[in-house]
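Right, one structure below, let's go through it.
2 protein chains.
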Amino acid sequence: MTNLERIETALRAYLSANIPEPLCEAMKYSLLAGGKRLRPMLCLSACEMTGGSQEAALPLACALEMIHTYSLIHDDLPCMDNDDFRRGRPSNHKAFGEANALLAGDGLLTYAFEVILSEGPKYIDNAPRYYEAAAQIASGAGVKGMVAGQWADLSNENNASANAEMLSYIHARKTGALITAAVLAGGLVGHADAMELAALRDFGTHFGLLFQITDDLLDVEGNAEKVGKTLGKDAAHAKLTYPGLYGIAETKKMAGREAQSAKDALQCFGTRAAWFLKLADQTLLRSF
Amino acid sequence: MTNLERIETALRAYLSANIPEPLCEAMKYSLLAGGKRLRPMLCLSACEMTGGSQEAALPLACALEMIHTYSLIHDDLPCMDNDDFRRGRPSNHKAFGEANALLAGDGLLTYAFEVILSEGPKYIDNAPRYYEAAAQIASGAGVKGMVAGQWADLSNENNASANAEMLSYIHARKTGALITAAVLAGGLVGHADAMELAALRDFGTHFGLLFQITDDLLDVEGNAEKVGKTLGKDAAHAKLTYPGLYGIAETKKMAGREAQSAKDALQCFGTRAAWFLKLADQTLLRSF
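Residue numbers (our numbering), protein chains in the order written: chain Z, 2 to 289; chain C, 2 to 289.
Have a look at this one:
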C-alpha cells in the first residue's frame with residue numbers, strides 16, 4: 002500500500018465511525034473530494050525519513066488533512082472569500098447551505114483533535130513525542146499560526162500600503178505554519194533528534210513559502226477559467242500576492258531560491274530525503 | 002482565591018500569550034465577557050471532589066470555556082441563529098464583522114486544544130488520565146456531541162413532526178455532552194475510580210438536561226424583553242423546546258425530576274458533593 006492509499010483508507014475509516022449521517026455526509030463531501038493530501042504525505046514521509054513507521058504518524062496525518070479541509074470550507078463561505086466552487090465542484094456551503102458548512106468545518110476541526118486524543122493510548126510507548134507532535138499541529142493550525150494568517154490576509158485586502166513584510170507574515174502563517182507542523186509532527190513520532198527537527202523546521206519554512214508562491218503564480222498564469230475567476234474575485238477582494246508585489250519574473254526567481262533552500266535544509270538526511278527533494282522540484286515546476 | 006477567580010485569572014493569562022492583537026481582541030471580547038463559567042466550575046469542582054488539586058484541572062477547565070465561547074460566537078452568526086446581542090452587548094460579529102467572528106471562533110476552538118496540549122508536559126505524572134480527560138472534552142465538543150446537537154437543532158427548525166425523542170437527542174448533545182465532559186475531565190485528573198466516573202457521567206446527563214430545560218423555561222417565562230426577542234425569533238426559527246412540546250407546567254415537573262436525579266447520582270460522594278447539590282437546586286430555582 003502506498004502512503005497515499007494509507008491516508009485515503011484511514012480518512013474513510015475515521016469518517017465511518019458513528020458520526021450522525023447528514024453531518025457526516027457534509028464532512029465527507031469536502032474531506033474525501035480528492036486533493037493531493039500534501040500535509041499528511043509530508044507527515045508520513047518525515048516519519049519514515051527519521052526511522053519511524055508510518056502507522057505511528059497516521060492519526061496525526063489524518064488530523065492534518067481534516068484541519069486543512071475545515072480551513073477550506075470556512076474560507077469559501079460568503080463572509081470570507083465567497084467561493085462557489087472548490088476542486089471543480091460546488092463548495093460545501095453551495096451543496097449543504099451556509100449553516101451546515103459552518104458546522105461541517107467546526108466538526109472537522111474538532112474531530113481532528115478527537116482522533117489524535119482517542120488514538121493516543123495506542124502510542125503509549127512514545128507518548129511524550131506523540132503529544133508534542135499533536136501540540137505542534139494545534140499550534141500550527143492556531144491563533145499564532147494558520148488562523149492568525151487568515152486574519153491578517155483578510156485585514157489586508159484592498160490595503161494599498163501593504164508591503165513585503167506583511168506578505169511574508171501572512172504566508173508564513175496561513176500556509177507555512179501547518180506545513181511546518183506536518184513535517185515536525187512526522188519527525189517527532191519518527192526518531193528525529195534535535196538537529197534533524199531543526200532541519201525539518203527549516204524545510205517546512207522554505208517549502209511552505211515555495212508552495213504559496215507557486216500557488217500565487219498558478220492563480221495569475223493558470224488557464225483562462227482560473228484567470229477569469231481570479232480577476233473577478235480581485236475586483237471585490239484585492240489580495241496581497243507575490244506576483245502582485247514583485248511581478249511575475251521576480252516571483253519565479255524567488256520560487257527557485259525557496260526550492261533550493263528547502264532542498265538544502267535536508268542535506269543531513271542524504272539520500273533518505275529523496276521524496277522531499279522530488280516534491281520541491283515538482284512544486285517549483287508546476288508554475289513554469 | 003476562589004475557583005471562579007482561578008478560572009478568570011487563568012483565562013486572562015492564556016489570552017495574553019503572544020496572540021496577534023486584533024485577533025486576540027475579538028477572542029477576548031467574547032471569552033472575557035463574564036458569564037457563569039459553568040463548565041470550568043464543574044470541571045474544577047469535580048476534580049476537587051475526587052481528591053485532585055484544582056491546578057491539575059485548570060488548563061482543561063479553561064479549554065472548556067474557550068470551546069463553549071466559540072460555540073456561542075458561531076451560533077450567533079447570521080447563517081445560524083442570527084443574534085445581534087449576547088449578554089447585553091452586540092454579538093461578536095456585530096462588533097467585529099462576520100469574517101472576523103468566524104475566525105475568532107475558529108481561533109478559540111483551536112486554542113482550547115493548543116492550551117491542553119502545550120500544558121500536557123506539566124502533568125506527566127498523571128499523563129494517561131490527563132489525556133483521557135482531553136479526549137472526553139474533544140468528544141463532548143465534537144461530531145458525536147455538541148456539533149451533532151447543533152446540526153440536529155438546525156435541521157429540526159420549523160419541523161412540525163419533531164417529537165420528544167428528537168428533543169432529547171438534541172439536548173443530550175447540544176448542551177449535555179460538553180457538561181458531561183466537564184465533570185468527567187475533572188474526575189479523571191482528580192482520582193475518581195470507575196464507579197465515581199460513572200456517577201459523574203450520570204450527574205452530567207441529568208444536570209445537562211436540567212440546565213437546558215430551565216433555559217427553555219427562562220426563554221418563555223423571562224422578562225418582557227426576553228419574551229419579545231424569543232417570539233420575534235420564533236417567527237423565523239421555530240425551535241424545538243420543552244415548553245413548546247410539553248407545556249410549561251409539565252416542563253417544570255420534568256425540571257424537578259432531573260434536579261433530583263442529578264443529586265441522587267452523587268450519593269456516593271456524601272457531603273463532598275455539597276457544591277454540586279447546591280448548584281442543582283439553584284439551577285432548578287432559576288426557572289420558578
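Note that beta-carbon positions come from the ideal geometry of N, C-alpha and C, so glycine has one too.
- In terms of beta-carbon proximity, tyrosine 112 of chain C lines the interface with chain Z, with at least one pair separated by less than 7 Å.
- For a Cβ distance threshold of 7 Å, nothing in chain Z lies close to asparagine 164 of chain C: the least Cβ distance comes to about 17 Å.
- Boundaries for glutamate 158 of chain Z: no alpha helix (DSSP H) harbours it, and the DSSP string shows neither H nor E there.
- A Cβ-Cβ distance of about 7 Å is found for the pair arginine 88 of chain C and glycine 36 of chain C, placing them in contact under the 8 Å criterion.
- Between the region 134-154 of chain Z and the region 67-76 of chain Z there are three or more inter-stretch CB-CB distances shorter than 8 Å, so the stretches are counted as touching.
- Of all residues in the region 141-158 of chain Z, those with a C-beta nearer than 9 Å to a C-beta of chain C are Ala142, Gly143, Val144, Lys145, Gly146, Met147, Val148, Ala149, Gln151, Trp152, Ala153, Leu155 and Ser156, reading in chain order.
- In this structure the region 238-246 of chain Z touches the region 152-170 of chain Z; the number of beta carbon pairs closer than 8 Å is three or more.
- Counting every other CB atom within 10 Å of its CB across the protein chains shown gives alanine 256 of chain C a total of 16 or more, marking it as buried.
- Counted as a single uninterrupted DSSP element, the stretch harbouring proline 21 of chain Z is not any alpha helix (DSSP H), since DSSP gives it neither H nor E.
- Contact with chain C is found for isoleucine 20 of chain Z, since one of that chain's Cβ atoms lies less than 7 Å from the residue's Cβ.
- Contact with chain C is absent for glycine 177 of chain Z, since none of that chain's Cβ atoms lies less than 7 Å from the residue's Cβ.
- For serine 119 of chain Z, the C-beta contacts it makes with chain C under 8 Å involve Ala136, Ala139 and Ser140, in order along the chain.
- Listed along chain C, no residue sits closer than 9 Å to aspartate 77 of chain Z by beta-carbon distance, the nearest being about 12 Å off.
- When 7 Å is used as the limit between beta carbons, proline 60 of chain C is near no residue of chain Z, the shortest such separation being about 12 Å.
- Buried is the label assigned to methionine 42 of chain Z, since at least 16 other Cβ atoms lie within 10 Å of its Cβ.
- Taking the Cα of glycine 150 of chain Z as reference, the smallest distance to any Cα among Z/Gly271, Z/Tyr170, Z/Leu110 and Z/Thr3 is reached at Z/Tyr170.
- Beta-bridge partners of arginine 202 of chain C (DSSP): none assigned.
- A direct Cα-to-Cα measurement between glycine 108 of chain Z and arginine 13 of chain Z gives close to 15 Å.
- With 16 or more other Cβ atoms inside 10 Å of its own Cβ, alanine 163 of chain C counts as buried.
- As computed with DSSP, phenylalanine 86 of chain Z is found in a beta bridge with Z/Pro91.
- Across the structure, tyrosine 124 of chain Z and alanine 128 of chain C are spaced so that their CA atoms are roughly 13 Å apart.
- In this structure, histidine 207 of chain C lies near glutamate 259 of chain C, with their beta-carbon atoms less than 7 Å apart.
- Shown in chain order are the members of the region 83-111 of chain C whose Cβ falls below 9 Å from a Cβ of chain Z: His94, Gly98, Glu99, Ala100, Asn101, Ala102, Leu103, Leu104, Ala105, Gly106, Asp107, Gly108, Leu109, Leu110 and Thr111.
- One thing to note: cysteine 63 of chain Z has its Cβ no nearer than 7 Å to the Cβ of alanine 186 of chain Z.
- Closest by C-alpha distance to aspartate 203 of chain Z, out of Z/Cys269, Z/Ala58 and Z/Leu78, is Z/Cys269.
- Straight-line measurement puts the Cα of arginine 38 of chain C at about 8 Å from the Cα of isoleucine 8 of chain C.
- A distance below 7 Å separates the beta carbons of serine 92 of chain Z and aspartate 77 of chain Z.
- Proline 60 of chain Z is positioned such that its CB atom lies no closer than 7 Å to that of isoleucine 20 of chain Z.
- Beyond the five residues adjoining it in sequence on each side, isoleucine 214 of chain Z comes within less than 7 Å, by CB distance, of Tyr243, Thr252, Met255, Ala256 and Glu259 in the same chain, given in chain order.
- Ranking Z/Ala96, Z/Met81, Z/Asp85 and Z/Asn101 by CA distance to the CA of aspartate 82 of chain C puts Z/Asn101 first.
- Per the C-alpha coordinates, the member of C/Val221, C/Leu218, C/Val148 and C/Ala135 positioned closest to valine 184 of chain C is C/Ala135.
- Taking the C-beta atoms as reference points, alanine 250 of chain C is found no nearer than 7 Å to lysine 264 of chain C.
- When 8 Å is used as the limit between beta carbons, leucine 24 of chain Z is near these residues of chain C: Val144, Val148, Ala149 and Trp152, in chain order.
- Between glycine 188 of chain Z and leucine 201 of chain Z, the C-beta gap is smaller than 7 Å, which places the two residues in contact.
- Contact between leucine 285 of chain C and leucine 267 of chain C is ruled out by a C-beta separation of about 15 Å, above the 8 Å threshold.
- For cysteine 80 of chain C, a Cβ of chain Z is located within less than 7 Å of the residue's own Cβ.
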